[in-house]
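Take a look at the structure set out below.
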Amino acid sequence: MGLASTTTGSEGIQFCIFDLKRGQEEGQELDKILFFFPTDLPFSTQLSVIGLSEGLITFTRIFSPEAACEVIEAERHSHVFYQAEPDIWMVMVVEKNKEAEAIWRIGALQQVLKEVHSLFMMFHGSIRALLEKEPGGGLARSHLYFFVMDYLTDFLSGKKLQLPSFRDCLKERGTVQMLTVGREAAIEVQSLVRVVESACAGNAACSSLVLFQDLLVSTTLSPDDTVNLFAYAILRLTPLALSSGSSSWSYLRKGSPASLITTGFIPGNSVSVTEPTYTSRDTSPGRQGQRYHVPRPLQRDKWSKGKDGFLVLETSGAEVGGLNSSTPTVWLRQTDERMYLCVFQQKNLTIILLIPVSSMINGEQGISMVKRQILENASLKILKVDEKLSRGWGGENAYHVRGYRYLLFDGDRNVSRASPPGKVTTLSKDSLLSLNRLREEVDLEKNRARHDDPSHEKDLEVCIRAKNNAWVIARVTRGKELYMVLEKANETLLYASDAVEKFSNRYCNGAFSLD
Amino acid sequence: MLRKASSAQPSVGLSGCGALSHVYIQHPPLRVSIPGSRALFYDDGNKLLLSIISDQVFAWKTVPPVLFDAPTSDSIGEGPVLSIRYSLDAKVIGIQRSNLEIEFRNRYTGEAFIHKCKSESENILGFFWTDCPSCDVIFVKTSGLDLFAYGPDCKALRLVETKRLNVSWYIYTHESRLVLLASGMQCKSFIGFQFSSGGITRLPRFEMAIAKAEANEKPVLAAEDVHIVTMYGRRYCLQVDRIAMLLHLYRFYRDAVVQQGSLPIYSSKIAVSVIDNVLLVHQVDANVVLLYDIFSDSRTPISAPLPLLLRGFTGANTSSSRSNSRDTVHLEISNMSDHEGIIYGDGWTFLIPDLICDAAHGALWRIHLDLEAIAASNSEVLSVLEFLQRRRLEASKAKQLCLAIARTIILERRPIPIVARAIDVLITSFSRSIKMGNTLLGRMVGRETTSTSGIQHVNSYRTRADDSLTRNARHGKSMHESAAASRVDEEPQQSRRTRTGENESLDLTTVLTVNRKSTSLVLDSEENVGPELMKISLGVPLEKSQSNNLHFLGTKECMGAETSSVEVEQSTLQPQVLRPSGTPLKSDVSEQQESQVASPEISPDEMCSFVFAPVEEEMTGDPSYLVAIIVKYFHSAALEKLKVHPNLNVLTIKLLARSERYVELGLFIINKILEPSKEVALQLLESGHHNIQTRKFGMDMLRQLSLHHDYVLLLLQDGYYLGALRYARKNQVNTIQPSLFLKEAFVSSDSQHLAAVLRFFSDFIPGFRNTSDYSTYYRILSEMSSPVAA
């Protein structure tokens, strides 16, 4: 059932993580490789991909030491680069194929790399730290293996890996989708947040996230941490994510809970050359996982809702020792603090409470006390908030605006809002392709402006009449971006511009109303 | 001899006395001892303490602050005095000379006449004056009630109505306008009448409960065992049951009398006082007082039993300088006998609502609540706040205490749920007062509080002013009558009922907190008459039994010259007196403002400036606790639909920015938890120095508030001069100098942009080409582009 073993060539997707600091000496090149997908590619192929990437990085660093190459566009492939940590690179190679709809937006692919790394950091800390902890690399490799493979599982569509393509150009990964609430409900939510956060005794600085269905309602985390935890919640915690099999409407996730990890296969990146401990029978990362007790927070269907409303993570490796806590922990980027991840769910509401590990002297016992406190003090309020939000909630298509297919993106706050996916699918392929193209251009322009003058934000306005007579529009103003497609629209530019103006005034508080 | 109203006096310093008590009497008392005094009477209709000395009656005003002048005196001629009462317009003195005769003397003309009972078989038990529209004076006789109208010119009483009833004894308080007539073997069967300016109301007959001591022994209820009290505008009757050791509580509704529980008593001798709607049950034998707040359903005492405290006794000279200055005027203060300091002495008579008359020493004490002590002795923050919020007499003190409690619990970082509930108490209390302020009823309440605030200056004129007040009342009465004219023709019983309702509502005006649940209220203009007039009047004949033994001596004597001086004062004071009671009819706005000052409710503004702002200054460390409290406050305020003071929004922004919680701040702004205002926008801009997103929120808010000028300036400041120009053009902002735009364009060293800006102004501002700006920048532009041309 392992997809990795079957789809290598045809899929045309390769994904590797390597460390430029490692394997500097002749004959030890394999040591560089921390992760490679597909796992069953011969080392020679793996090494040639990494070699090419390394060469390009070294070469482009001559001209731009700060930001080396971001992408290579070859005739049939695109190589997308992302420097996750100093000298640790993630590279994704995707095949271009018009027939197979393999048309990519580089920015979107980079966001995938960024997301998987951010999530990895959140659970396991930095790759560098793992490498330093165990210089042989086995620890980092096994963690990466399980984590990235679990992550990629979400992109499985049937037996194919379906990465974000042009069809997803009205989505922005790495952003948060928010529920719009009225003042009264917002105050209600905030007052709930205070009650929940005060449940941790003493002066512990708890943080929390409140989601309504798949939408964020409140956060007391920093923007980065909010994005990460929100992404994780959407992937694994929300009621929709819990009821596996059904696909979330706000995220591309189709199909079965198949896993990319197979029990029987032998991974390619054997490190037997340099690390004698691995020369024994224990070369499978699967078994390495047991050896290192790798927690797999991204493994599907491991979260379940307990009787008390709190979500429980089934831990497979726990019995071997090491972690005696069944409550998972995460690192916060802002404070560099390890936090217990405590998730409560009731009806549509998901409340994620983060409790500093340092404040919990008696670990699991303390957490169950906090849980009891929440149930005692907040359950009524939670019900009330849920009721209030449900009443004001317009359903899946709440943020649909008739006649518009749009993506609204606030780069400062990492918040986006878009037409519901069901509505986006009604767009013709031509429109989507045009918008994808336009977004590529805007990305480039934005990058250029950022390099030129980081303090000054670029204003941008593009209206394109596409081949299929649809208007494809992009507007960038002071950190806010608006993309839209107007099909079946009038042919004049004035009409298109009016449409944007109306949208801006109605839904964006006039942020895009320029003149 | 005279005391200042301690209600308005800061007694904070005095609380340092250290003695444990919740109620106190303040030394020095009102001295009424004049050598040769035969008896003391309390005229509750006029709030006068009367002392009879040979053929003179001396009257002291008991309403604080009493003026420092000597008592007024009137000649009443020789003869026994069973009871004596001034008429409500203070023109006539009624003197009961025997159980058959009552003498009436005009204070100004000195004319007098004696009203005698026709039949020897009936005795006069007492009499009282009334402001009831149909009659002026009412005799209570063993055979029932006689209602008389008084005609000064005809020099006689005209019988209006007689109500035939058997009466063993009666009690009446002017405060409640209620007379209760006891009858039956055990004197436990009662009939009540209310003679208010709204008319006469007959209460249904009811029986009081008395436990049986032994099978054949039937205890008889005495007048001392029954008390009429008014709390929160509700009329209650308190009945002591010595056998069961219970104090039964009956509440008078307009058409029913309902027993509302019983309070245990711990002494065979019980006295009752009501101060600021708090019921004081003096357990005389045990020397302690128990306090009850009957407003809530709880029948548990507010605080532990503690003795009544005499304040300032040991050192009249050590008290405030003000009292010293008084000492010089009234030297007898220092001559206080040791016995006078005895609490619950034998000579004490408790006068409802809040006075104690020490007949043995000729002293009159007023009982005060020590709100500070009550607040300090009770650890239940919520019940203390609720209690304080219901206080009106010392409203500003109560308010200060509430504010202090609110500050303290936040500074002590009490658990959020507790602080939250405390905030709820304060907010619901304020919101209730606001809601009532929007209705006619509320205005009454508002005015009520005014009168308490103004108690010092208004009440000081009370006795002399009553005349004018009464006239005023009559004015209101006539208005009422016309308003109720349609009801006059109704079937008597029916109309009586309606009037009971009016009376009930009238009573409500005299109180602060109103039981709105009770009966549907009929309001009429009558209530616009000075409420304190009704509130602070009551009548318990002093030393009834003693005076009963006196013999009647009829005399007619001219009034002395003093009366004329009274009259002069009256006329000068009249306007002042009229104003406080008259204004509410005209200007309710000023009224309500005034009431806000004098009520303990805490407005959002005060919450901001007296709780949150000082707390914010004092609090150190993580501000998230305070933010949580403020959020809770927002929550409670939103539930009550109260607006939050903009400064609190600003404060919240500061707190969030200080702890760098910009994401939350963003949520607060987006969801409009912090309502948009210019203050908020400017604070966002200021806090946004370290966070660009916050700054953008500030700018967006300026734009959304259409503060175009500020918005354009900020755009310019950030270097977005083209955007600023577009915006200025669109919103017709003409107030910004073109040079500012030109300068920004020049700084960007983009000659095309500079040319565009220059062209813009040349095209849209007439005569711009002739300005120095134009020439300056035109030259700069040509210099910039010349190298390109060359």
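Those protein sequence lines, which keep their order, are chains S and W. Its first residue numbered 1, the first sequence is counted upward by one per residue in full-length UniProt numbering. Its first residue numbered 1, the second sequence is counted upward by one per residue in full-length UniProt numbering. Where a beta carbon is used, it is the ideal one built from N, C-alpha and C, also for glycine. Just so you know, these numbers come straight off a predicted model, no measurement behind them.
- Three or more Cβ pairs closer than 8 Å define a contact, and the region 600 to 618 of chain W meets that threshold against the region 426 to 434 of chain W.
- Annotation: E337 of chain S is outside any alpha helix (DSSP H); the continuous beta strand (DSSP E) that includes it extends over 337 to 346.
- Taking a cut-off of 8 Å for Cβ pairs, the region 45 to 60 of chain W and the region 86 to 93 of chain W touch, as three or more such pairs fall below it.
- DSSP assignment within the region 610 to 673 of chain W yields the following whole alpha helix (DSSP H) runs of 4 residues or more, N-terminal first: 613 to 618, 624 to 639, 646 to 658, 662 to 670.
- For D410 of chain S, the enclosing beta strand (DSSP E) begins and ends at 405 to 410.
- For the region 177 to 192 of chain S, the beta-carbon criterion of a distance under 9 Å to any beta-carbon of chain W is satisfied by M178, T180, V181, G182, R183, E184, A185, A186, I187, E188, V189, Q190, S191.
- Scanning S:R173, S:E85, S:K96 for the CA closest to the CA of A74 of chain S turns up S:K96.
- Only I692, Q693, K696, M699, D700, R703, Q704, D718, G719, Y720 from the region 687 to 720 of chain W bring a Cβ to less than 9 Å from some Cβ of chain S.
- In terms of Cα proximity to P415 of chain W, the closest of S:E99, S:C200, S:F123, S:F37 is S:C200.
- When secondary structure is reduced to three states using DSSP, I210 of chain W falls in the coil class, being assigned neither helix nor strand.
- CA-CA distance, D750 of chain W to G719 of chain W, rounds to 12 Å.
- For the set S:V424, S:L408, S:Q365, S:V189, the Cα lying nearest the Cα of R417 of chain S is the one of S:L408.
- Assignment of Q83 of chain S by DSSP, reduced to helix, strand and coil, places it in the strand class.
- Distance from the CA of S48 of chain S to the CA of F18 of chain S, rounded to the nearest whole angstrom, comes to 13 Å.
- Around the Cβ of A84 of chain S, a 10 Å sphere holds 16 or more other Cβ atoms; the residue is buried.
- For T220 of chain S, the residues of chain W that pass the 8 Å Cβ criterion are R661, V663, E664, in the order they occur in the chain.
- By the criterion of a C-beta distance shorter than 7 Å, S636 of chain W is surrounded in its chain by I423, D424, I427, once the five residues flanking it on both sides are discounted.
- Residues of chain S whose Cβ lies closer than 7 Å to the Cβ of P417 of chain W are, in chain order, N377.
- None of the residues of the region 204 to 220 of chain W has a beta carbon lying less than 9 Å from any beta carbon of chain S.
- Rounded to whole angstroms, the gap between the alpha carbons of H400 of chain S and V181 of chain S is 16 Å.
- Distance from the CA atom of V210 of chain S to the CA atom of R475 of chain S, rounded to whole angstroms, is 31 Å.
- The Cβ atoms of C206 of chain S and I361 of chain S do not sit closer than 8 Å to each other.
- Judged by DSSP in its simplified three-state form, H451 of chain S adopts helix.
- Between R366 of chain W and L382 of chain W, the CB-CB gap reaches or exceeds 8 Å.
- Of the residues S:V462, S:S218, S:E387, the one whose Cα lies closest to the Cα of Q177 of chain S is S:S218.
- Taken through DSSP and simplified to helix, strand or coil, V81 of chain W comes out as coil.
- The residue from W:Y727, W:K730, W:L722 with its alpha-carbon nearest to that of K743 of chain W is W:L722.
- Counted as a single uninterrupted DSSP element, the beta strand (DSSP E) harbouring N106 of chain W occupies residues 101 to 106.
- G479 of chain S is a Cβ neighbour of G411 of chain S, given a cutoff of 8 Å.
- The three-state secondary structure of M360 of chain S, taken from DSSP, is coil.
- Listed by position along chain S, the residues whose Cβ is nearer than 9 Å to that of G723 of chain W are D459, T477, R478, L514.
- Residues of chain W whose Cβ lies closer than 8 Å to the Cβ of D412 of chain S are, in chain order, I692, Q693, K696.
- For the C-beta of N509 of chain S, the chain W residues within less than 7 Å are, from N- to C-terminus, D700, Q704.
- With respect to T694 of chain W, F668 of chain W sits apart: the two C-beta atoms are not nearer than 8 Å.
- Contacts between H400 of chain S and chain W, judged by CB atoms closer than 8 Å, are missing: the closest CB pair is about 20 Å apart.
- Taking all protein chains shown into account, M484 of chain S has 16 or more neighbouring C-beta atoms within 10 Å of its C-beta and is therefore buried.
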